[in-house]
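Protein chains in written order, with the numbering used here: chain A, 6 to 286; chain B, 6 to 286; chain C, 6 to 286; chain D, 6 to 286.
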């Protein structure tokens with residue numbers, strides 16, 4: 006599928022959302038954007054821009070000339086960190102891509118401790134200054150490549166435990182997308198259990214049955230899934246909300262939905278996570 | 006006065022308007038911005054950026070380190086032309102600066118004819134692709150430097166006459182700011198006589214009398230005037246709306262307000278304006 | 006072939022040339038770049054950047070994730086016009102792409118006349134301010150899509166005739182690349198007949214015979230051709246210089262090489278080319 | 006003095022050096038630039054650009070419209086870190102500015118340790134990913150604001166000691182400029198004692214005596230000093246080389262020149278500098 010089918014063509018596609026989001030915390034997401042895709046060449050490609058998505062001619066070109074069975078896109082509204090390519094999602098490590106819609110509260114206070122908890126051999130890979138990139142590298146530290154759900158439960162658990170120590174409330178808002186090109190994990194979570202919206206499209210045959218006349222939906226195939234912060238168009242029955250504190254795993258065959266329960270029992274000492282709960286250290 | 010006093014500090018200052026305008030046709034003005042000022046060095050300085058004003062660190066730096074008795078600032082919402090510095094206002098010619106909030110309808114259809122009407126010796130100075138820059142060079146062609154009001158009456162009159170020929174309705178929306186560093190001309194005009202808002206601040210002593218306790222307003226001096234598309238803060242009595250089809254001339258001594266009546270009686274032939282109504286050709 | 010095979014991997018690939026050209030008039034070509042390719046999606050895709058090619062992470066990503074049987078790339082050293090995407094090559098019209106390495110002397114003096122000679126219906130497509138984009142639109146005006154060689158002979162002929170009128174010597178330097186995705190026309194020409202270098206790679210079997218051990222050259226196939234301003238690597242016998250005042254047509258089957266003889270016999274009056282030599286007007 | 010007098014007007018001014026440096030390790034310094042100055046408004050202003058200095062219209066505008074008795078400018082050739090504003094010099098802390106021409110070898114290997122040695126309360130101020138910004142924050146940690154020479158001796162000493170631990174040779178090349186707006190410290194140092202060039206202009210009366218006819222030099226006043234990596238013009242007697250391993254202090258009254266001897270005796274343990282040699286911890 007050409008990337009533009011989802012980014013540009015739908016009425017409330019991501020590029021429209023960059024200009025006026027209807028459900029987001031920020032109505033304008035004009036502080037850069039990113040696209041990561043699997044296609045030609047080795048591993049995922051990544052395109053990061055610092056201009057608003059709505060005005061970037063190159064994004065429009067790429068979206069209409071790149072086909073991909075799996076891609077992640079992100080529009081950014083900064084919570085204070087610099088508008089620069091190294092702060093744009095998706096972040097990449099090997100064949101993995103990661104996007105984060107949300108925020109770590111009080112990140113400036115915790116940045117040093119959280120970066121120290123990143124595996125030393127990964128430290129130099131943190132190129133930007135966002136909370137999201139540090140969260141990704143914490144998850145990599147805790148074994149994202151072996152067990153994405155377990156690793157993110159520890160990574161977010163560590164953020165929450167560190168926040169408690171600092172007296173920071175509601176530590177994290179985290180709608181997350183993670184993929185290795187084969188499967189995609191979509192997390193909806195927040196410390197306060199009032200998470201930002203996250204939707205997944207219904208199965209293709211259900212969609213076709215609901216809207217037999219709709220041309221756009223006809224090219225939707227059996228295993229296709231779209232995960233979005235807000236629906237791309239107002240079509241009754243097409244969008245299922247992912248529940249609070251849940252991870253959806255989109256994969257070949259039946260998808261899977263599980264509770265997502267961050268936790269961290271290790272000691273937090275001298276800026277280094279220790280203990281049996283962090284298997285990869 | 007430091008430029009930031011008007012751009013960044015007021016609650017609804019221009020930078021806030023770039024993110025969410027309350028009265029503008031576009032709620033987001035994130036397609037670049039510009040600042041022109043008179044201060045150190047010869048002639049006005051100009052800073053043009055293609056990023057949204059709200060996220061440009063350099064603009065913040067300049068605004069807090071440049072003092073100027075006269076400056077123009079502009080945030081842009083493109084009506085289709087490229088987001089590039091040569092399309093950012095203010096446009097400059099010698100000591101003159103020009104900003105335009107508005108649009109020329111059907112400009113693509115008329116672009117060739119209007120550019121041909123620009124004086125040949127000015128043609129190569131048109132560096133960008135906006136309607137606004139062409140309008141400025143038409144005004145220069147018609148004698149802006151001698152008689153700004155007369156020149157803009159002819160320039161806009163020519164645009165309107167050309168539009169009529171093409172069957173284009175409501176040819177122009179034009180809130181304009183023009184200055185030579187000494188005086189400023191603020192025009193509120195549209196072909197349909199439903200012009201975008203334009204306000205001027207009251208005289209300093211009136212402002213002081215209305216708000217004797219207000220610290221921010223105290224540094225406002227006798228000859229200071231602020232002209233804005235929408236008020237910088239909600240203060241009863243401080244902002245006077247400039248009437249429809251009117252030009253306000255802010256100058257040393259008493260300001261002046263006059264009707265603004267575009268007209269064009271010259272022939273429009275072979276793309277070249279001719280006849281006695283265009284005194285500078 | 007992945008685009009990076011030619012842009013990044015060769016020792017003196019185009020990205021290396023952006024930093025230190027060995028044969029170019031300018032040693033640094035850091036004023037933007039562009040890539041146009043035929044692949045997925047309809048028509049050619051275009052990526053334009055204003056940063057130096059050597060430092061653009063997105064270009065590296067695209068080059069390693071886009072495959073194309075036909076592409077054009079260009080690094081720019083401005084001769085004075087703005088560094089902005091609309092001034093970056095390749096320029097595109099429908100399925101056609103166009104790059105120009107060279108300059109039109111005295112373009113500022115001739116810009117108005119040359120733009121007037123562009124077909125009125127194409128005028129609004131000229132988005133930037135370069136000599137190259139105007140040259141492309143002149144060629145389109147003269148029938149580039151039917152007869153590229155004939156159209157460019159007229160377009161360059163018109164430029165030269167206009168220059169003579171203005172007393173401008175050595176009107177044009179023009180190494181040009183034009184393609185419709187199937188065939189590519191490579192022109193080497195200059196008014197003074199001292200044109201910038203232009204090379205084409207030898208036929209694949211000749212290349213393989215010369216360097217039987219060279220891994221990089223082995224993937225080179227029968228119909229593959231590379232046209233470059235300067236050789237990508239120092240390999241004796243691999244690069245043939247395209248002669249002065251010549252157009253090379255790279256196409257399925259045998260390539261073709263022809264003399265290129267710009268001429269313009271039409272009247273140049275009122276800014277409009279007229280006469281039987283411009284068949285498309 | 007207008008900033009352009011030094012940046013743009015001299016034959017080999019900094020902007021010319023960005024395109025072709027004659028003495029630098031890199032001949033092209035096109036990976037961004039920065040200007041920091043003391044003038045209107047509180048504290049120093051900073052302008053950072055990611056485009057090459059030679060092509061940035063805004064830099065030209067600012068240089069011709071900002072006057073300053075003290076400023077620092079820098080053109081960048083990245084040694085691998087991202088081209089982004091947060092990586093551009095000068096770095097700023099309160100009223101202090103800092104520029105670094107040079108490199109920390111093996112910085113990726115040491116980045117974590119060196120960042121841990123930054124005072125925790127300063128950690129979140131490190132916004133970019135360069136060696137230079139970390140070096141500046143180490144110097145701030147060691148008391149730059151009280152004793153610039155002592156603090157940089159410790160900061161560089163720590164870098165060198167850390168490098169020894171990692172088996173990295175020739176740890177640092179560091180031509181440094183530091184100022185608080187009143188005085189400027191210019192350091193020429195490298196671990197291998199083969200430092201990049203650094204020059205200071207002679208005293209004004211010596212300059213005037215040498216070149217009584219030179220108009221440009223006449224406006225040079227008694228206390229004016231220019232410190233540069235390479236001379237701005239070829240004028241015999243005007244430029245004095247700052248010796249190896251030396252700091253020059255430009256200040257009101259007589260300037261001062263002292264040996265510069267980095268050292269670090271503290272323990273390097275758990276990534277934290279400890280011991281009596283780091284007075285500010």
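Idealized CB from N, CA, C, for every residue including glycine.
Quick caveat, the model's predicted, so the values are computed rather than measured.
{"Item": "Contact list for residue 19 (chain D) against chain B, beta-carbon separation under 8 angstroms", "Value": "Residues of chain B passing the Cβ test: none, with the nearest at roughly 18 angstroms."}
{"Item": "Residue from D:125, D:213, D:84 and D:112 with nearest C-alpha to residue 176 (chain D)", "Value": "D:112"}
{"Item": "Bounding residues of the alpha helix (DSSP H) (the contiguous stretch that carries residue 158 (chain D))", "Value": "153-171"}
{"Item": "Exposed unless 16 or more other CB atoms sit within 10 angstroms - verdict on residue 92 (chain D)", "Value": "buried"}
{"Item": "Residue 30 (chain A) classed as buried or exposed, judged by whether at least 16 other C-beta atoms fall within 10 angstroms", "Value": "exposed"}
{"Item": "Top-ranked residue by Cα proximity to residue 189 (chain D), from D:199, D:205 and D:196", "Value": "D:205"}
{"Item": "Residue environment, residue 58 (chain B), which counts as buried when at least 16 other CB atoms sit within 10 Å", "Value": "buried"}
{"Item": "Three-way DSSP call (helix, strand, coil) for residue 137 (chain C) in this model", "Value": "helix"}
{"Item": "is_contact[residue 24 (chain B), chain A] using C-beta, thresh 9 angstroms", "Value": "yes"}
{"Item": "Counted within 10 angstroms of its Cβ, other Cβ atoms place residue 257 (chain A) as buried (16 or more) or exposed", "Value": "exposed"}
{"Item": "Own chain residues within Cβ distance below 8 angstroms of residue 209 (chain A), not counting five before or after", "Value": "225, 226, 227, 228 and 229"}
{"Item": "Identity of the residue in C:195, C:231 and C:83 nearest residue 24 (chain D) by Cα", "Value": "C:83"}
{"Item": "Spatial neighbours of residue 86 (chain C) in its chain, beta-carbon cut-off 7 angstroms, leaving aside the 5 residues before and after", "Value": "92, 134 and 135"}
{"Item": "Residue 54 (chain A) versus A:45, A:47, A:35 and A:72, residue with shortest Cα-Cα distance", "Value": "A:35"}
{"Item": "Residue 21 (chain A) - DSSP class collapsed to helix/strand/coil", "Value": "helix"}
{"Item": "Length of the line joining the Cα atoms of residue 96 (chain D) and residue 129 (chain A)", "Value": "21 angstroms"}
{"Item": "Within-9 angstroms CB hit, residue 113 (chain B) to chain C", "Value": "yes"}
{"Item": "C-beta neighbour in chain B for residue 51 (chain D), strict 9 angstroms", "Value": "yes"}
{"Item": "Distance between residue 160 (chain B) and residue 68 (chain A) (C-alpha atoms, nearest Å)", "Value": "41 angstroms"}
{"Item": "is_contact[residue 133 (chain D), chain A] using C-beta, thresh 9 angstroms", "Value": "yes"}
{"Item": "Identity of the residue in A:70, A:52 and A:73 nearest residue 80 (chain A) by Cα", "Value": "A:52"}
{"Item": "DSSP state of residue 90 (chain A) mapped onto helix, strand, coil", "Value": "helix"}
{"Item": "Span separating the alpha-carbon of residue 269 (chain C) from that of residue 222 (chain C)", "Value": "43 angstroms"}
{"Item": "Beta carbon of residue 215 (chain A) nearer than 9 angstroms to that of residue 172 (chain A)", "Value": "no"}
{"Item": "Residues near residue 132 (chain A) in its chain [Cβ-Cβ closer than 6 angstroms; skip 5 each side]", "Value": "91"}
{"Item": "Residue closest to residue 89 (chain B), alpha-carbon to alpha-carbon, out of B:138, B:37, B:178 and B:119", "Value": "B:37"}
{"Item": "Endpoints, the alpha helix (DSSP H) within which residue 115 (chain B) is located", "Value": "112-121"}
{"Item": "Backbone CA spacing between residue 211 (chain B) and residue 244 (chain B) [nearest angstrom]", "Value": "11 angstroms"}
{"Item": "Simplified DSSP state of residue 181 (chain B), which is helix, strand or coil", "Value": "strand"}
{"Item": "Proximity of residue 78 (chain D) and residue 50 (chain D) at Cβ, strictly below 9 angstroms", "Value": "no"}
{"Item": "Interface residues of the segment 184-210 of chain C facing chain A [CB-CB below 8 angstroms]", "Value": "none"}
{"Item": "Secondary structure of residue 270 (chain A), DSSP reduced to three states", "Value": "coil"}
{"Item": "Short CB-CB distance (under 9 angstroms) between residue 128 (chain D) and chain A", "Value": "yes"}
{"Item": "Contact check, residue 104 (chain D) vs residue 153 (chain D), beta carbons under 9 angstroms", "Value": "no"}
{"Item": "Chain-ordered residues of the segment 45-78 of chain A with a beta carbon less than 9 angstroms from chain B", "Value": "55, 56, 57, 59, 60, 61 and 62"}
{"Item": "Status (buried if at least 16 other CB within 10 Å, exposed otherwise) for residue 60 (chain C)", "Value": "buried"}
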